[in-house]
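Asks: If you're matching positions, the sequence shown starts at 248 in our numbering and goes up one per residue. Using N, Cα and C, we set each Cβ at its ideal position, and we do this for glycine too.
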Amino acid sequence: MVLPFDPHCITFDEVSYSVDMPQEMRSQGVLEDKLVLLNGVSGAFRPGVLTALMGVTGAGKTTLMDVLAGRKTGGYITGNITISGYPKNQETFARISGYCEQNDIHSPHITVYESLLYSAWLRLPEEINTETRKVFVEEVMELVELTPLRDAYVGLPGINGLSTEQRKRLTIAVELVANPSIIFMDEPTSGLDARAAAIVMRAVRNIVDTGRTIVCTIHQPSIDIFESFDE
Numbered sequence: 248m249v250l251p252f253d254p255h256c257i258t259f260d261e262v263s264y265s266v267d268m269p270q271e272m273r274s275q276g277v278l279e280d281k282l283v284l285l286n287g288v289s290g291a292f293r294p295g296v297l298t299a300l301m302g303v304t305g306a307g308k309t310t311l312m313d314v315l316a317g318r319k320t321g322g323y324i325t326g327n328i329t330i331s332g333y334p335k336n337q338e339t340f341a342r343i344s345g346y347c348e349q350n351d352i353h354s355p356h357i358t359v360y361e362s363l364l365y366s367a368w369l370r371l372p373e374e375i376n377t378e379t380r381k382v383f384v385e386e387v388m389e390l391v392e393l394t395p396l397r398d399a400y401v402g403l404p405g406i407n408g409l410s411t412e413q414r415k416r417l418t419i420a421v422e423l424v425a426n427p428s429i430i431f432m433d434e435p436t437s438g439l440d441a442r443a444a445a446i447v448m449r450a451v452r453n454i455v456d457t458g459r460t461i462v463c464t465i466h467q468p469s470i471d472i473f474e475s476f477d478e
């Protein structure tokens, strides 16, 4: 691809996350001061490896991912998080990471290409020239198989424009044009049928094969989706 990036691994050791005990639980007789949501979780995610974060509903998959991504501003976080061996600094980490939320939120009145161009202009370093940005956007569209939909309007979910699966790939592409080394994905196949889920996972695999670190929370995967993960 036209823009280089540095592959990074993320390692976490004995990570715990707790919040102040909600008032309604206190009123029911709970005596503890804090509600523990994560308790001593350890692991690592590596470049070029597609990692699934699995667990039952309410196990804390998304919570763990939010803590690692630095999206939890309240509560109490303990433990060590390192990026390629160095302590994680949120300001620099935000520049090398992307996060695909479960909900696909896009402007309905612009095209797929315009959505990606807008993200690239806002998030890529200012020293990257216009031509390089445009070439990179084209490469990203090719990678997630959105090139045939280049000039399609995004539209409104369930009414017009892109299908649910196409929106999900656009969400992934919007993060990818920022050229991150690490991408977190919250249930990328949620609400998709088997065929649509396979198309999304094929796009995800294409991204992993560029050498990036990809982490997905996943809930009730089919055997095909399950086997598409490396770890």
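Tell me which residue opens and which closes the alpha helix (DSSP H) that S410 is part of.
Replies: As a first step, residue 410 must be located in the sequence shown, where it is residue number 163. First-last for S410: undefined, no H or E at that position.
Asks: What distance in whole Å lies between the Cβ atoms of V314 and L285, which are believed to be in contact at a cut-off of 8 Å?
Replies: Taking the first residue of the sequence shown as 1, we reach residue 285 at position 38. Taking the first residue of the sequence shown as 1, we reach residue 314 at position 67. Confirmed, about 7 Å.
Asks: Would you mind reading off the limits of the beta strand (DSSP E) that contains F259?
Replies: Here the question's residue 259 lines up with position 12 in the sequence shown. F259 -> beta strand (DSSP E) spans 257 to 267.
Asks: My assumption, with CB atoms under 8 Å, is that M312 sits in contact with F431. Please give the rounded CB distance.
Replies: One-based indexing of the sequence shown puts residue 312 at position 65. One-based indexing of the sequence shown puts residue 431 at position 184. Indeed they touch by this definition, with Cβ atoms about 5 Å apart.
Asks: Return the chain-ordered ranges of every alpha helix (DSSP H) run that is complete within the stretch 280 to 316 and spans a minimum of 4 residues.
Replies: 308 to 316, all fully within the stretch 280 to 316.
Asks: Tell me, please, which residues DSSP counts as bridged to S344.
Replies: Translated into the one-based positions of the sequence shown, residue 344 becomes position 97. Answer is I429, bridged to S344.
Asks: Excluding the five sequence neighbours on either side, which residues of its own chain have a C-beta within less than 6 Å of the C-beta of R293, listed in chain order?
Replies: The count along the sequence shown starts at 1 and reaches residue 293 at position 46. The residues are C256.
Asks: Mind pulling the alpha helix (DSSP H) runs of 4 or more residues that sit fully within the stretch 353 to 379?
Replies: Runs of the alpha helix (DSSP H) inside the stretch 353 to 379: 359 to 370.
Asks: Can you tell me the Cα-Cα spacing of D456 and L363, whole angstroms?
Replies: Here residue 456 refers to the residue found at position 209 of the sequence shown. Here residue 363 refers to the residue found at position 116 of the sequence shown. Answer to the nearest angstrom: the Cα atoms are 21 Å apart.
Asks: Could you name the residues of the same chain whose beta carbon sits closer than 7 Å to that of T394, not counting the 5 residues immediately before and after it, in chain order?
Replies: Translated into the one-based positions of the sequence shown, residue 394 becomes position 147. Excluding residues within five positions, the ones whose Cβ falls inside 7 Å are M388.
Asks: Less than 7 Å between C-beta atoms, sequence neighbours within five positions excluded: which residues of the same chain meet that for T464?
Replies: In the sequence shown, counting from the first residue as 1, residue 464 sits at position 217. Within the same chain, T464 has close Cβ partners L300, K308, T309, M312, D433, E434.
Asks: Based on the DSSP output, what are the partners of N327 in its beta bridges?
Replies: By 1-based counting over the sequence shown, the position of residue 327 is 80. For N327, which the question treats as bridged, DSSP gives the partners D260.
Asks: From which residue to which residue does the alpha helix (DSSP H) around V451 run?
Replies: The count along the sequence shown starts at 1 and reaches residue 451 at position 204. That run of the alpha helix (DSSP H) goes 441 to 455.
Asks: Provide the residue span of the beta strand (DSSP E) that contains T460, from first to last.
Replies: On the sequence shown, position 213 is the one that residue 460 refers to. From DSSP, the beta strand (DSSP E) with T460 extends over 460 to 465.
Asks: Is the beta carbon of C347 less than 8 Å from the beta carbon of I454?
Replies: Position 100 of the sequence shown, counted from the first residue, corresponds to residue 347. Position 207 of the sequence shown, counted from the first residue, corresponds to residue 454. Not closer than 8 Å, so no.
Asks: State the beta-bridge partners of P468 as determined by DSSP.
Replies: Looking up residue 468 in the sequence shown gives position 221. BP columns for P468 are empty, so no partner.
Asks: R452 and S475: beta carbons closer than 8 Å?
Replies: For the purposes of this step, residue 452 is taken as residue 205 along the sequence shown, with counting starting at 1. For the purposes of this step, residue 475 is taken as residue 228 along the sequence shown, with counting starting at 1. In contact: R452 and S475 (Cβ atoms closer than 8 Å).
Asks: So, helix, strand or coil for P334, using DSSP?
Replies: The count along the sequence shown starts at 1 and reaches residue 334 at position 87. Correct three-state label for P334: strand.
Asks: Within 7 Å: the Cβ of T258 and any heavy atom of the ligand NAP?
Replies: Within the structure as shown, the ligand NAP is missing, as the structure has no ligands at all.
Asks: For V344, I'd like the list of residues in its chain whose CB is within less than 6 Å of its CB, leaving aside the five on either flank, ordered along the chain.
Replies: As a first step, residue 344 is located in the sequence shown; it is residue number 97 there, counting from the start. The identity of residue 344 in the sequence shown is Ser, whereas the question assumes Val. Counting only Cβ-Cβ distances below 6 Å, and skipping sequence neighbours, we find P427, I429.
Asks: Are the beta-carbon atoms of T355 and V391 separated by less than 8 Å?
Replies: Start at 1 with the first residue of the sequence shown, and residue 355 comes out as number 108. Start at 1 with the first residue of the sequence shown, and residue 391 comes out as number 144. Contrary to the premise, residue 355 reads as Pro rather than Thr in this sequence. No; because the gap between Cβ atoms is not below 8 Å, this pair is not in contact.
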